[in-house]
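Participant: Residue numbers (the working numbering): 1 to 258. Would you mind keeping the following structure in view while I ask a few things?
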Amino acid sequence: MDILSQEGVDFSINSNLHLLTKRDAKTLKEKGTKNVLTSILGQKEIHEKINGVPNSFHRVMDSIELLLKENIPVVANMVVLESNVEQVYKTGKMIWEKFKIPFAATPKVPACGNPNLKMLDRKQYIGVLDDLIKLSSDFKMNIQSLHPPLPCMFNDSERLKYQYFLDSRKCGAGRGTVAFSINGDVRACSHEKEVYGNLLKESFKDIFERMSSWRKGNFIPEECNPCSYYYQCRGGVEVLQKLLILQKMQFILILEDL
């Protein structure tokens with residue numbers, strides 16, 4: 001944080017906030033933290049059942065309070081699984097009534113190297129977006145979903161309703177976003193497992209050049225071109241690779257090896 005501040009680089013923190021103390025909050029403020037993104041998985045029982053950590057719900061609530069007292073903006077993100085998909089609206093309402101901060105609900109996507117590809121079906125995914133729209137309508141709150149949905153999930157009449165989510169997020173993998181591991185390995189994004197080089201052994205410029213395939217759109221499936229949403233959607237299909245529309249309008253997002 002000291003180095004980034006000295007170089008004039010804005011930075012934010014992603015954390016479950018379980019270990020945050022009052023002193024930590026003051027330090028984050030002093031160092032110039034732009035904002036903090038934290039995780040909330042539902043009401044207390046569901047939150048602690050999913051993460052398996054007793055008292056973690058109260059810890060995150062107390063930590064958000066500490067950050068807000070230091071005037072550090074906080075966004076609470078709910079990773080949506082089958083086990084908590086019915087709690088999106090209730091959780092967003094709770095966050096708004098308690099803190100008046102932005103709320104994000106983001107359907108699960110597979111982590112790199114994780115063989116578990118089970119995710120929400122199309123009806124559940126769109127239900128999450130509907131809950132966010134209702135939260136925005138009922139409380140005028142700032143709502144988000146941290147991964148871009150794919151335009152081809154929706155028919156023509158639906159796209160206008162969900163246009164906000166289509167417009168507000170795009171994938172910057174290998175363009176404006178890269179992921180650094182603790183040992184210096186560099187990937188195009190946190191969901192991508194291929195390593196393009198090590199920052200401790202070579203220049204970032206050389207590593208970034210190796211990611212040119214992302215900037216050229218080489219990973220966009222053939223069936224996505226031509227498409228009127230090609231440039232608007234570009235990243236969603238690159239990160240998730242394939243969208244298969246199955247019978248009964250269910251879908252599976254598959255993250256393939258690149």
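Don't be surprised by glycine CBs; every beta carbon is placed ideally from N, CA and C.
1. If you draw a straight line from the alpha carbon of K100 to that of K140, how long is it in whole angstroms?
2. Output the boundary residues of the alpha helix (DSSP H) element that contains R187.
3. Here's the rule I'm using: 16 or more other beta-carbon atoms within 10 Å means buried, otherwise exposed. How should I3 be labelled?
4. Going by DSSP in three states, N14 sits in which element: helix, strand or coil?
5. Go through its chain and collect everything with a Cβ distance to M94's Cβ below 8 Å, but skip five positions before and after it.
6. Taking DSSP's pairing of strands, which residues face I143 in a bridge?
7. Can you tell me where the beta strand (DSSP E) holding V79 begins and where it ends?
8. DSSP three-state call for F219: helix, strand or coil?
9. Just to confirm before moving on: does the CB-CB distance between F11 and K34 stay below 8 Å?
10. Report the three-state DSSP secondary structure of S136 (helix, strand or coil).
Facilitator: Let me spell this out:
1. 10 Å
2. From DSSP, R187 is part of no alpha helix (DSSP H) but of the beta strand (DSSP E) over 185-187.
3. exposed
4. strand
5. Cβ neighbours of M94 beyond the five flanking positions: Q43.
6. F103
7. 74-80
8. coil
9. yes
10. Reduced to three states, the DSSP call for S136 is helix.
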